[in-house]
Amino acid sequence: MDSYTVAELLRKSRLAGRVNEGRVAVVFESREVTFDELDERSDRLAAALHAQGFAKGDRVGVLLYNRVEWVELFFAVAKLGGVVVPLNYLLKAGELRYILDDCAASWVVYEQALEPVVKELRAGGSAARYVGVGTADGDFAYEELISRAGPPPEVEVASGDLFLLQYTSGTTGAPKGAMHTHATVLWNSFHQVVDYGITADEVYLVVPALCWAAGFHDLALATLWRGGRVVLSPSTGFTPERFLTTVERHRVTSVLLVPTVLKRVLGHPGLGDHDVSSLRLICSGGEPVPLTALADARRLLPSCAVLQVYGMSEFPTMMTYVRPDEAAGKAGSAGRACSAAEVRVVDERGQDTAPGEVGEIICRSPATMIGYYGKPDATAATLEGGWLHTGDLAHVDADGYLYISGRSKDMIITGGLNVYPAEVERVVAQHPAVLEAAVVGVPDPEWGEVGAAMVVLRPGCELGEEELTRYLKGELATYKIPRRFTFTDTLLPRTTSGKVQKFRVRKLLDLR
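If you number the sequence shown the way the UniProt record's numbering does, the last residue is 512 and the count never jumps.
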C-alpha cells in the first residue's frame with residue numbers, strides 16, 4: 001500500500017472487469033454503471049474540475065444523498081490529489097459551516113434537494129465554489145462540467161497524501177476531522193477483503209449514508225477492489241420491506257446495518273415472504289448489538305452470519321470483528337483485531353488488563369488516521385505513543401475476544417464502584433418488554449452517583465420500575481442496577497450516524 005492510491009484501485013478493478021466486458025460496478029435504483037463508465041466519468045469530472053482551477057490538496061465538501069455521482073466524485077478527487085470531506089446532509093447550515101470553515105473547503109458538490117441549506121451557507125459568506133447535481137443552481141452544473149471536459153490531467157499523487165477528512169459525530173464536543181491518506185483508506189479496505197473473503201461475486205448493499213465512516217470507504221470500496229458489485233440504497237424512505245425487496249432483487253450477499261435498523265428488519269412480519277438466501281453476511285455496529293437481536297437473527301436467518309463489529313471515524317470501520325465461523329459462540333462480542341491491526345485493552349498505567357477487567361481500547365494499525373485536521377493537541381493526546389487511544393472501555397475474555405463496556409466519560413462511579421452503562425443497557429434490553437435503553441449517571445448525596453435509565457418499551461407492552469428492578473436483580477450485581485427509571489414509547493435520541501446522544505438523554509431525564 002506504500003505506493004498505491006485510491007485512483008489506482010479503480011483502474012485495477014476496471015482492468016480486471018474486462019475479463020467480463022461490461023461488468024457492473026455500481027447500481028442505484030434503475031441505473032447501472034460499469035467499471036469502464038465509472039473510470040471514464042470520474043476522469044472527465046477530474047478534467048473539468050482541473051480546468052476550473054482545482055489544485056492538488058483542495059478540500060471538497062460532498063453534500064449529496066446516496067447516488068452514483070457520490071462515487072464518481074470520490075474517484076475524481078482521488079485522481080486530482082484532492083481531499084474528500086463527506087458532509088452529513090441531515091446537518092443544519094450552522095453545523096455544516098463549522099466543518100467547511102474548519103477544513104477551509106474550496107469546493108462543495110451538493111444535491112438539488114439540499115438547495116435551501118446551501119443558500120443559507122452561501123448567504124453567510126463562503127469562499128468555496130459550488131457544483132450542483134441535478135438542476136441545482138450552483139456556480140457549475142455537474143453534468144455540464146462532465147459533458148465539456150477535456151483529457152484527464154496528469155497529477156502526481158502519492159499514497160501518503162491526505163485524501164479524506166472524516167468528521168466525528170460530535171458526541172463529545174465539536175466535530176473533529178480525522179485525517180486519512182490514500183494508504184490508510186486502502187489498508188482499511190484491504191483488510192476487509194482478507195477478513196471477509198470478498199470476491200468478484202460479492203454484491204454489497206450500502207444502507208448507511210455514503211457520508212458516514214461506514215458509508216463508502218469500507219466494504220463498498222473493498223467490494224469494488226475485487227471487481228464485485230455495489231448497490232446503493234436511497235438515503236430517504238427506508239423501510240424493512242424495501243430493504244428485503246432490494247436484497248431479493250439484486251441477490252445481495254453482504255450488508256452493514258446499525259442495530260436499530262437490524263432490529264426493524266428482523267421484526268418485520270413480511271421477512272419470511274422474501275427470498276434472502278443470498279445473504280451470507282450482516283455486519284452491525286455503532287453501538288452494542290442486543291443479544292436478543294443476535295438470537296433473532298440466528299433463528300430467522302440461519303444461513304447468514306450476523307456479526308458485531310467495532311470501529312470509528314479514526315479507524316473506519318472494522319477495527320475488530322467476529323469471524324463468520326465464530327459468530328454463534330461469541331454472541332455480544334465485538335471480536336478480535338482485524339488482520340491489519342493490533343488491539344489492546346489497558347489500564348490507567350498503560351498495562352494490559354487481565355481477562356474480565358475493564359480498561360481502555362487502544363489500537364495500532366496502518367489503517368488508523370494520521371491525526372485530527374488542525375488540532376495538534378488533540379492529535380498528540382489521541383495518538384500517544386503511536387497507539388490510537390479510543391476513549392472506549394471494554395474487557396477481553398480468556399480467548400481474547402473484546403466486549404464493549406462504553407465510553408470512559410460515561411462510566412458511573414457509585415460508592416467507589418465502577419458501573420459501565422453499556423453492560424447495564426444490554427441486560428435491560430434483554431427484557432421481553434424493552435425495545436432499547438440508555439443509562440447515565442446522576443448525582444446522589446449518599447453514593448456520589450447512581451444510574452438513571454431511560455427505557456423504551458416495545459409497542460403494546462407495559463412494564464414498571466418494580467418489575468424491571470426485580471428482573472435486573474437476577475442478572476446484575478445490586479450496585480449496577482439503576483436507581484431511577486423513566487419509561488417511554490419514544491425512541492432514544494441519536495446522532496445522524498445512529499449513536500445514542502447521552503447528553504440529550506440526561507436533559508430528558510432532568511425534565512421528568
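Glycine included, each C-beta is placed from N, C-alpha and C at the ideal position. Here the structure is a predicted model, which means the values were calculated and not measured.
Rounded straight-line distance, which links the Cα of residue j to that of residue i
i: residue 382; j: residue 315; result: 12 Å
i: residue 182; j: residue 249; result: 34 Å
i: residue 4; j: residue 44; result: 22 Å
i: residue 385; j: residue 351; result: 13 Å
i: residue 504; j: residue 388; result: 27 Å
i: residue 101; j: residue 160; result: 24 Å
i: residue 49; j: residue 41; result: 12 Å
i: residue 8; j: residue 264; result: 39 Å
i: residue 140; j: residue 22; result: 30 Å
i: residue 38; j: residue 25; result: 8 Å
i: residue 75; j: residue 374; result: 25 Å
i: residue 57; j: residue 71; result: 19 Å
i: residue 307; j: residue 356; result: 21 Å
i: residue 132; j: residue 420; result: 46 Å
i: residue 278; j: residue 252; result: 6 Å
i: residue 262; j: residue 290; result: 10 Å
i: residue 447; j: residue 465; result: 20 Å
i: residue 302; j: residue 349; result: 44 Å
i: residue 508; j: residue 485; result: 12 Å
i: residue 304; j: residue 280; result: 4 Å
i: residue 371; j: residue 364; result: 13 Å
i: residue 401; j: residue 359; result: 14 Å
i: residue 342; j: residue 460; result: 46 Å
i: residue 11; j: residue 143; result: 22 Å
i: residue 312; j: residue 330; result: 21 Å
For residue i, the nearest candidate out of the options (CA to CA)
i: residue 432; options: 311, 385 and 293; result: 293
i: residue 344; options: 291, 361 and 356; result: 361
i: residue 163; options: 197, 389 and 79; result: 79
i: residue 51; options: 149, 332 and 113; result: 149
i: residue 489; options: 347, 462 and 158; result: 462
i: residue 475; options: 138, 429, 273 and 364; result: 429
i: residue 90; options: 142, 113 and 241; result: 113
i: residue 27; options: 346, 69 and 199; result: 69
i: residue 269; options: 239, 247 and 246; result: 239
i: residue 67; options: 53, 32, 144 and 157; result: 32
i: residue 53; options: 153, 134 and 88; result: 153
i: residue 229; options: 483, 242, 495 and 199; result: 199
i: residue 203; options: 483, 237, 260 and 276; result: 276
Same chain, Cβ closer than 6 Å to residue i, neighbours up to 5 away in sequence not counted
i: residue 118; result: 110
i: residue 86; result: 62 and 211
i: residue 472; result: 481
i: residue 217; result: 185
i: residue 115; result: 136
i: residue 441; result: 412 and 449
i: residue 64; result: 70 and 111
i: residue 221; result: 189
i: residue 157; result: 5 and 81
i: residue 483; result: 450
Min CB distance residue i to chain C below 9 Å
i: residue 364; result: Reference to chain C is not applicable here, since this structure consists of a single protein chain.
Residues that DSSP places opposite residue i in a beta bridge
i: residue 449; result: 443
i: residue 413; result: 418
i: residue 362; result: 344 and 389
i: residue 308; result: 284
i: residue 180; result: 164
i: residue 352; result: 346
i: residue 130; result: 108
i: residue 140; result: 131
i: residue 34; result: 24
i: residue 485; result: 453
Same chain only: Cβ atoms within 8 Å of residue i, ignoring 5 sequence neighbours per side
i: residue 519; result: Beyond the ends of the chain as shown, which are 1 and 512, falls residue 519; an answer cannot be given.
i: residue 151; result: 47
i: residue 13; result: 25, 35, 224, 225, 226 and 227
i: residue 346; result: 352, 353, 359, 360 and 362
Same chain, Cβ closer than 7 Å to residue i, neighbours up to 5 away in sequence not counted
i: residue 338; result: 191, 195, 318, 319, 320 and 321
i: residue 300; result: 266 and 271
i: residue 404; result: 288, 310, 334, 392, 394 and 422
i: residue 19; result: Low local confidence applies: a pLDDT of 48 at residue 19 is under 50, so the model's placement there is unreliable, with the coordinate-based value given in what follows. Excluding residues within five positions, none has a Cβ falling inside 7 Å.
i: residue 510; result: none
i: residue 492; result: 436, 438, 454, 456, 500 and 505
i: residue 378; result: 176 and 372
Pair every Cβ in the region 229–246 with every Cβ in the region 192–212, then say whether three or more of these pairs are closer than 8 Å. The region 229–246, when compared against the region 192–212, does touch it at the 8 Å Cβ threshold.
For the structure I just gave you, are there three or more beta carbon pairs, one from the region 485–500 and one from the region 424–438, closer than 8 Å? Judged by Cβ distances under 8 Å, the region 485–500 makes contact with the region 424–438, as three or more pairs qualify.
Does the structure place the region 180–194 close enough to the region 294–307 that three or more beta carbon pairs sit under 8 Å? A contact is defined here as three or more CB-CB pairs under 8 Å, and the region 294–307 fails this definition with respect to the region 180–194.
Does the region 242–256 come into contact with the region 274–285, if we say contact requires no fewer than three beta-carbon pairs (one atom in each stretch) closer than 8 Å? With the cut-off at 8 Å, the region 242–256 and the region 274–285 touch.
Between the region 453–460 and the region 391–400, can you find at least three pairs of beta-carbon atoms closer than 8 Å? At 8 Å Cβ cutoff, the stretches do not touch.
Are the region 115–134 and the region 92–103 touching by the rule of at least three beta carbon pairs closer than 8 Å? Yes: the two stretches touch, three or more of their Cβ pairs being nearer than 8 Å.
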